[in-house]
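Numbering (UniProt numbering), first residue to last: 1 to 114.
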């Protein structure tokens, strides 16, 4: 026999067992379910020019030289054969940071609103 109020206790328990951590709101689940409608950003790094834009657009949003300007008198090229692999990696990371902060409208705004 059930005691009075036992049904409400079980409902409370089941409602409290649902937490935000059990719901799948991470990036993978949003991408799989289609709830995330942002377009992917495409960065095409060439030997001379780098193009930045959104996937599915015919024209890139920005075209810049593939050079790192870091305060030295001459800009350094990303793919220099004289650099070691570690130096090339550091240069590439600096270049991507430079692009990321130089074109915030590409990375932080919804392309459908432009």
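Ideal Cβ placement from N, Cα and C applies to all residues, glycine included.
Residue i - DSSP class collapsed to helix/strand/coil
| i | result |
| --- | --- |
| residue 93 | helix |
| residue 63 | strand |
| residue 105 | helix |
| residue 100 | helix |
| residue 57 | coil |
Alpha-carbon spacing of residue i relative to residue j, whole angstroms
| i | j | result |
| --- | --- | --- |
| residue 45 | residue 66 | 7 Å |
| residue 71 | residue 82 | 20 Å |
| residue 62 | residue 96 | 14 Å |
| residue 106 | residue 98 | 13 Å |
| residue 40 | residue 104 | 15 Å |
Residues sharing a beta bridge with residue i, DSSP
| i | result |
| --- | --- |
| residue 43 | 52 |
| residue 76 | 68 |
Discussion item. Any contact between the segment 48-63 and the segment 83-90? By contact I mean 3 or more CB pairs, one from each, below 8 Å.
Written reply: no
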